[in-house]
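First the structure, in the form of C-alpha coordinates, and then the observations on it.
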Amino acid sequence: MYFTDRGIEELENRRGEEEVTLGWLAEQLRTFVDLNPDFEVPVERLATWLARLDDEDDE
(Lines of atoms letter the chains of each structure in order from A and count residues from 1; the text may use other names and numbers.)
(Lines give C-alpha, C1' and ligand atoms only; values in the text may rest on other atoms or scores of the structure.)
Protein backbone atom coordinates (compact mmCIF):
# COMPACT_ATOMS: atom_id res chain seq x y z
CA MET A 1 0.00 0.00 0.00
CA TYR A 2 1.25 3.44 -0.88
CA PHE A 3 1.27 6.08 1.85
CA THR A 4 -1.26 8.09 -0.19
CA ASP A 5 -3.68 5.17 -0.16
CA ARG A 6 -4.53 6.02 3.46
CA GLY A 7 -6.10 9.29 2.39
CA ILE A 8 -7.98 7.59 -0.43
CA GLU A 9 -9.26 4.95 1.98
CA GLU A 10 -10.37 7.64 4.44
CA LEU A 11 -12.22 9.44 1.66
CA GLU A 12 -13.95 6.24 0.64
CA ASN A 13 -14.84 5.32 4.23
CA ARG A 14 -16.14 8.75 5.19
CA ARG A 15 -17.83 9.88 1.97
CA GLY A 16 -18.04 6.82 -0.26
CA GLU A 17 -21.83 6.75 -0.23
CA GLU A 18 -22.18 10.38 -1.37
CA GLU A 19 -22.82 11.44 -4.95
CA VAL A 20 -21.21 14.64 -6.22
CA THR A 21 -21.00 16.40 -9.55
CA LEU A 22 -17.75 16.91 -11.39
CA GLY A 23 -18.43 20.63 -11.11
CA TRP A 24 -18.42 20.31 -7.32
CA LEU A 25 -15.20 18.29 -7.45
CA ALA A 26 -13.58 20.90 -9.71
CA GLU A 27 -14.50 23.67 -7.26
CA GLN A 28 -13.06 21.68 -4.34
CA LEU A 29 -9.82 21.13 -6.29
CA ARG A 30 -9.58 24.87 -7.03
CA THR A 31 -10.08 25.69 -3.36
CA PHE A 32 -7.47 23.12 -2.35
CA VAL A 33 -4.91 24.58 -4.77
CA ASP A 34 -5.68 28.11 -3.57
CA LEU A 35 -4.93 26.98 -0.02
CA ASN A 36 -2.00 24.71 -1.01
CA PRO A 37 -0.28 26.19 -4.09
CA ASP A 38 2.60 23.70 -3.85
CA PHE A 39 0.14 21.03 -5.01
CA GLU A 40 -0.93 22.86 -8.17
CA VAL A 41 0.95 20.55 -10.57
CA PRO A 42 -0.23 17.23 -9.09
CA VAL A 43 -3.84 18.46 -8.88
CA GLU A 44 -3.64 19.68 -12.48
CA ARG A 45 -2.32 16.28 -13.58
CA LEU A 46 -5.10 14.48 -11.71
CA ALA A 47 -7.77 16.77 -13.19
CA THR A 48 -6.39 16.31 -16.70
CA TRP A 49 -6.21 12.54 -16.26
CA LEU A 50 -9.81 12.41 -15.03
CA ALA A 51 -10.98 14.66 -17.87
CA ARG A 52 -9.37 12.42 -20.49
CA LEU A 53 -10.27 8.98 -19.13
CA ASP A 54 -12.54 8.21 -22.07
CA ASP A 55 -10.25 9.57 -24.78
CA GLU A 56 -9.43 6.75 -27.16
CA ASP A 57 -6.61 8.75 -28.78
CA ASP A 58 -4.42 8.40 -25.68
CA GLU A 59 -4.29 4.59 -25.77
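Residue numbers (my numbering): 3 to 61. Glycine residues also receive a C-beta, built at the ideal position from the N, C-alpha and C atoms. Quantities reported herein were computed from a predicted structural model and do not represent experimental measurements.
Taking 8 angstroms as the limit between beta carbons, can you name the residues of its chain near residue i, skipping five residues before and five after?
i     : result
Ala49 : Ala28, Leu31
Quick check: the Cα distance between residue i and residue j, rounded to an integer number of angstroms?
i     : j     : result
Phe5  : Glu12 : 12 angstroms
Thr33 : Pro44 : 14 angstroms
Asn38 : Glu58 : 33 angstroms
Glu42 : Val35 : 6 angstroms
Leu24 : Asn15 : 20 angstroms
Ile10 : Gly18 : 10 angstroms
Glu21 : Ala53 : 18 angstroms
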